[in-house]
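Everything on this sheet refers to the single structure shown next.
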Amino acid sequence: MARPKAITILGETVLPGESKTINMEIARLHTMTKLKIPIIVERSKAEGPVVLFTAGLHGDEINGIEIVRQIIARKINKPKTGTIICIPVINVFGFVNKSREFPDGRDLNRVFPGSKTGSLASRFAYYLLTEVIPHVDYCVDFHAGGASRFNAPQIRIVPHNEELKKLSDVFNAPFTLYSKNITGSFRSSCDKLGVKMLLFEGGKSLDINMDIAGEGIEGAKRFLDYFGMLNPRKQAKVAPAPSIYIEKSTWVRARHSGLFQNRTAAGKFVAKGEVIACITDPFGKFEHKVKAPNSGYIINSNDAPIVFQGDAIFHISQMLTNSIE
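Just so you know, we're using numbering that gives the first Met the number 0 here: the sequence shown kicks off at 0 and counts up by one.
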């Protein structure tokens, strides 16, 4: 068996069997305060894949950050074989400001592959792709729903990719959605560079939900165990049921503005015509019932107390297949 090679990130070398935290410093705050992005590298002496766990691409998606934090704190990132790289907070500027975007107003997940001399967000994308991703074989990127919308725990993969489907089966989140890569996204750039990525969605922005975090952590353990990388002191739990694959889904939008009373939690199966929410005015003049347009699983629900006409309030599946064919 060939000996594992040294890994060099931002000029710092990590040898097999070593642990090292490499701080990525690209820019400072306007106060001249340094902002460091820790890249936590744990290597086994034994040859194996390189797996990257990332979160905080959007700075307000705290739940993903909590998942990667627990992976580190519980020493799940100490590999039996291969290398595990963790970046708990990619968009540290957004994290500091509790904001989705970078200070330049750009969504980091729309500027990949970035540019060495471009906008602040573009520079971060460039260094992530040129310094870290060339070493990576597999990546799990953790996200949460935005704008008060709560995502049921789910993996997203592109359709018609059998290897990603197999990896999704291994991770075995409660749901798996087929979704195309978006131009400028981290997932799209990783795909073009040959890195196999699973995108995990769960919970909502500016919130920590421990049930969602648990789903992400257990999925990560199953993922590592599949490659023979899981720390022998840890144990991957078998998921209670196969992932439910969703090939087609639709958004339910508010027909009225008003106070929003959500009666249906994300992850629940609803029947066509079932009342899933109610929209009222603050003066007691009307109550509008929101009914499920079809039978399916609620994979995203809006937790906002006030909605406007046209707001997305539920994401519901339309076609279901089981992960075991």
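Glycine included, every Cβ here is placed at the ideal spot set by N, Cα and C.
This structure is a prediction, so every number in the text was calculated from the model and none was measured.
- Looking at the DSSP output, F307 sits in no beta bridge, so it has no partner there.
- By the criterion of at least three beta-carbon pairs nearer than 8 Å, the region 193 to 210 is in contact with the region 125 to 139.
- Within a 10 Å sphere around the beta-carbon of N22 sit fewer than 16 other beta-carbons, which makes this residue exposed.
- With a 10 Å radius around the Cβ and a threshold of 16 neighbouring Cβ atoms, Q153 comes out buried.
- A residue is called buried once 16 or more other Cβ atoms fall within 10 Å of its Cβ, and S114, having fewer, is exposed.
- For Q260, the secondary structure class from DSSP, reduced to helix, strand or coil, is strand.
- Around the beta carbon of H142, 16 or more other beta carbons lie within 10 angstroms, which makes this residue buried.
- By the neighbour-count definition (other C-beta atoms within 10 Å, threshold 16), D59 is a buried residue.
- Scanning the region 240 to 301 from its first residue to its last, the whole beta strand (DSSP E) runs of 3-plus residues come out as 243 to 252, 257 to 261, 274 to 279, 286 to 290 and 295 to 301.
- Taking every protein chain shown into account, the CB of K271 has fewer than 16 other CB atoms within 10 angstroms, so this residue is exposed.
- The Cβ-Cβ distance between L107 and F94 does not fall below 8 Å.
- Cβ-Cβ separation between N171 and R221: approximately 6 Å, consistent with a contact (criterion under 8 Å).
- The beta-carbon distance between I61 and D206, rounded to whole angstroms, is 6 Å. This is short enough to meet the 8 Å contact definition.
- Taking 8 Å as the upper bound for CB-CB distance, T7 and R42 are not in contact here, some 12 Å apart.
- Here F313 is buried: its Cβ has 16 or more other Cβ atoms, across all protein chains shown, within 10 Å.
- A distance below 6 Å between beta-carbons, with the five flanking residues on each side excluded, links L198 to the following residues of its chain, in chain order: D140, R155 and R186.
- The DSSP assignment places 49 to 54 and 82 to 86 as complete runs of the beta strand (DSSP E) inside the region 39 to 105, in order along the chain (cut-off: 3 residues).
- As the crow flies, the alpha-carbon of V289 is around 36 Å from that of N160.
- With respect to L119, S188 sits apart: the two C-beta atoms are not nearer than 8 Å.
- Less than 8 Å divides the Cβ of M228 from the Cβ of V50.
- Here V131 is buried. Its C-beta has 16 or more other C-beta atoms within 10 Å.
- Secondary-structure assignment with DSSP links Y177 through a beta bridge to I156.
- Under DSSP, the beta-bridge partners assigned to P37 are N22.
- A straight-line Cα-Cα distance of about 7 Å links L28 and L34.
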